[in-house]
Amino acid sequence: MSRIGRRTRLALGLATGALLIAPAAPAQAARQVNWDVVAKCESGGRWHINTGNGYYGGLQFSRSTWLSNGGGKYAPTANKATKAEQIKIANKLYQKRGLKPWPTCGKKPGVYKTTKNTAKKKSSSAKPSGKTYVIRSGDTLASIAKKFKVKGGWRTLYKLNKERLDSPSLIFPGQRIRL
């Protein structure tokens, strides 16, 4: 986390973390925020960090910003919440204020990426096994794929569960996915 702008951060109440798709522009392109890039800048990508500076978690939320954006339903401070929960609150803040709460880290290369909004192919080589798994705190699609030896890894899990998952980086404890 940079030392520049700490007072500005305190005033703005920071948050950061996964992928959020903004409304698509007419030219069939959508802007996405890569929250992992912002979190790497803010906290070195350490999602459970509490350095004692008044900011918590990978996205460096102040306690007041965390609570005023609904984070209290997950944990009293962001560092005690999961990465996915921190990202959910960051997305809420982003919808209200854009990247203004991250004046330095929101300008890093790679924060935005553009993808084309084209019709998705319905055919997929991913075949479900008929089994399901309930996501637990700390899980990632990659760790689940490794645990259950899913051929094709997290990408296959994401393809099998696209209708249930908004992003491969945004999963929540309690969600049920196909293996």
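Residue 75 in my numbering is what sits at position 65 of the sequence shown, and the numbering runs on without skipping anything. The beta carbon of each residue, even a glycine, is placed where N, CA and C say it ideally should be.
- Terminal residues of the alpha helix (DSSP H) in which residue 150 lies: Here residue 150 belongs to no alpha helix (DSSP H), and DSSP marks it neither H nor E.
- Task: Determine the DSSP secondary structure at residue 89, reduced to helix, strand or coil.
- Result: Three-state DSSP puts residue 89 in a helix.
- Message: Using CA atoms only, rank isn't needed, just tell me which of 49, 79, 180 is closest to residue 117.
- Response: 49
- Note the first and the last residue of the continuous alpha helix (DSSP H) segment covering residue 174. Residue 174 -> no alpha helix (DSSP H), and no H or E assigned at all.
- Can you round the beta-carbon distance between residue 234 and residue 143 to whole angstroms, since I take them to be within the 8 Å contact cut? Residue 234 lies beyond the residue range present for the chain, which begins at 11 and ends at 189; the question has no answer from this structure.
- Message: Tell me the residue span of the beta strand (DSSP E) that contains residue 56.
- Response: Residue 56 -> no beta strand (DSSP E), and no H or E assigned at all.
- Task: Return the chain-ordered list of same chain residues with a C-beta closer than 7 Å to the C-beta of residue 145, the five sequence neighbours on each side being excluded.
- Result: 181, 182, 183, 184, 185, 187
- Which word fits residue 6, buried or exposed, when buried means at least 16 other C-beta atoms lie within 10 angstroms of its C-beta? A query on residue 6 cannot be resolved here, the shown segment of the chain reaching from 11 to 189 and no further.
- Item | Cutoff 6 Å; reference residue 139; Cβ partners in own chain excluding five residues on either side | 189
- Would you give the residue range spanned by the alpha helix (DSSP H) that residue 75 belongs to? From DSSP, the alpha helix (DSSP H) with residue 75 extends over 73–78.
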